[in-house]
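Participant: With the sequence shown counted from 1, adding 118 to any position gets you the numbering used here.
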Amino acid sequence: MKTIIANWKMELGVRESVALARGVLRGLRGMQDVPNILVAPTFPALFEVSKVLGRSRVQLAAQTVHTEEQGAYTGSVSAKVLKEVGVQAVILGHSETRAMGETDEDVHQKVDLALRHGLHVIVAVGESMATREAGETEGFIHDQIKTIFTGIHPTKRHTIYVAYEPLWAIGSGKVPSIQDVSSVHTAIKQQLDELDILDVSVLYGGSVIPENAYEFLNHSSVDGVLVGGASVRIKSLMELIHLASELS
Ligand code: PEP
């Protein structure tokens with residue numbers, strides 16, 4: 119089954135997030151093969167969206183979490199509180215949180231904490247254009263995966279998603295070739311296998327829109343897509359969900 123993760127970033131308010139979540143549930147009515155769907159609204163919308171999603175097949179994700187369990191961390195949100203408001207998964211290591219100072223070591227700590235709290239994790243990795251042009255993409259991602267996942271021991275209850283998101287592709291309208299995506303995905307799966315982290319879903323993210331999604335979703339090395347911009351409008355989000363449903 120293919121996965122669609124909708125990262126709503128800081129694009130929607132509470133009412134808009136609720137309306138979009140309701141729209142997705144309406145759009146799924148009567149659909150034969152519903153793909154695996156996760157939506158990640160902004161923090162203040164999580165509780166209201168969780169009430170809308172209820173026991174539906176659409177899962178709720180947060181966009182980050184703090185490294186620590188609890189304490190004097192003004193402006194931060196803990197894994198425990200995310201669970202309390204009905205969150206099931208969390209995005210970690212997104213380039214936009216990395217740009218605010220999140221390191222691979224932080225992502226490692228957050229993965230460990232999130233799993234201990236029973237959250238699924240969506241870990242983003244990806245190279246800059248300079249790294250790609252230097253021919254160092256696979257080495258760079260290898261180092262990211264090593265730092266983040268060494269010593270992590272998920273159980274069967276946990277789902278681990280790794281989103282390959284080249285930094286230069288996020289929000290830029292540029293996408294890598296499917297051959298490049300495929301070779302990075304294959305390397306990620308092999309490395310995680312060696313670390314004894316099995317059954318990982320590897321997704322592609324970066325400027326995915328309905329017009330280019332077929333090529334990614336149709337490839338056997340791509341378990342799904344993580345979508346930003348095209349996921350905040352019901353029309354394009356449902357087009358992506360329909361495509362994933364057909365290809366699942
Ligand atoms: C993202 O936010 O992870 C992302 C891939 O954004 P976009 O689809 O807008 O490039």
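We treat Cβ as the ideally placed atom computed from N, Cα and C, and that holds for glycine.
These numbers come from a predicted model, not from an experiment.
(1) Around the Cβ of PRO162, are there at least 16 other Cβ atoms within 10 angstroms (buried) or fewer (exposed)?
(2) Does the stretch 274 to 291 come close enough to the stretch 239 to 259 to have 3 or more Cβ pairs within less than 8 Å?
(3) So is the beta-carbon of HIS360 under 8 Å away from any non-hydrogen atom of the ligand PEP?
(4) Does the beta-carbon of ALA197 have 16 or more other beta-carbons within 10 angstroms, so that it is buried, or is it exposed?
(5) When DSSP builds the beta bridges, which residues end up paired with TYR322?
(6) Taking 8 Å as the line, does the beta carbon of GLU214 fall inside it for any heavy atom of the ligand PEP?
(7) Put GLN181 into one of helix, strand or coil per three-state DSSP.
(8) Taking only runs that begin and end inside the stretch 246 to 317, name each unbroken alpha helix (DSSP H) of 4 or more residues, in chain order.
(9) Check whether the Cβ atoms of LEU146 and LEU138 sit closer than 9 Å, and answer yes or no.
(10) Taking only the alpha-carbon atoms, compute the straight-line gap between SER319 and ILE359 and give it to the nearest angstrom.
(11) Taking buried to mean at least 16 other C-beta atoms within 10 Å of its own C-beta, is ASN154 buried or exposed?
(12) Please determine, among ARG351, GLY346, HIS271, ALA232, the residue with the shortest C-alpha to C-alpha distance to GLU186.
(13) Please tell me whether HIS212 and GLN177 are closer than 9 Å, where the distance is taken between their beta carbons.
(14) Is ILE288 near the ligand PEP, judged by its Cβ being under 8 Å from some heavy atom?
(15) Consult DSSP for VAL132 and reduce its assignment to one of helix, strand or coil.
(16) In this structure, what does DSSP give as the bridge partners for THR121?
(17) Assuming contact is defined by CB atoms lying nearer than 9 Å, are LEU344 and ILE123 in contact in what I supplied?
(18) Just the Cα atoms here: how many angstroms apart are MET149 and GLU364?
Facilitator: Short version:
(1) As a position in the sequence shown, residue 162 is number 44, starting the count at 1. Classification for PRO162: exposed.
(2) yes
(3) In the sequence shown, residue 360 corresponds to position 242, counting from 1. No, the Cβ of HIS360 stays beyond 8 Å of every heavy atom of the ligand PEP.
(4) Numbered from 1 along the sequence shown, position 79 holds the residue referred to as residue 197. The residue is buried, with at least 16 neighbouring Cβ atoms inside 10 Å.
(5) Translated into the one-based positions of the sequence shown, residue 322 becomes position 204. Its beta-bridge partners are TYR282, VAL343.
(6) As a working mapping, residue 214 is identified with position 96 in the sequence shown. The answer is yes for GLU214.
(7) Stepping through the sequence shown from its first residue, residue 181 is reached at position 63. It is coil, neither helix nor strand.
(8) 247 to 251, 255 to 267, 296 to 312
(9) As a position in the sequence shown, residue 146 is number 28, starting the count at 1. As a position in the sequence shown, residue 138 is number 20, starting the count at 1. For LEU146 and LEU138, no; Cβs fall outside 9 Å.
(10) Position 201 of the sequence shown, counting from 1, holds the residue named residue 319. Position 241 of the sequence shown, counting from 1, holds the residue named residue 359. If you take the alpha carbons of SER319 and ILE359, they lie about 17 Å apart.
(11) Within the sequence shown, the letter at position 36 stands for residue 154. Flag for ASN154 reads buried.
(12) For this step, residue 186 is matched to residue 68 along the sequence shown. Checking every option, the nearest Cα to that of GLU186 belongs to ALA232.
(13) On the sequence shown, residue 212 is found 94 positions in, with the first residue counted as 1. On the sequence shown, residue 177 is found 59 positions in, with the first residue counted as 1. Going by C-beta atoms, HIS212 is not nearer than 9 Å to GLN177.
(14) Here the question's residue 288 lines up with position 170 in the sequence shown. Flag set: Cβ of ILE288 near the ligand PEP.
(15) The sequence position of residue 132 within the sequence shown is 14, counting from 1. Reduced to three states, the DSSP call for VAL132 is helix.
(16) The sequence position of residue 121 within the sequence shown is 3, counting from 1. Paired residues: ASN154, GLY342.
(17) What you label residue 344 is simply residue 226 of the sequence shown in a count that begins at 1. What you label residue 123 is simply residue 5 of the sequence shown in a count that begins at 1. Yes, the Cβ-Cβ distance between LEU344 and ILE123 is below 9 Å.
(18) By one-based count along the sequence shown, residue 149 stands at place 31. By one-based count along the sequence shown, residue 364 stands at place 246. C-alpha separation (whole angstroms): 10 Å.
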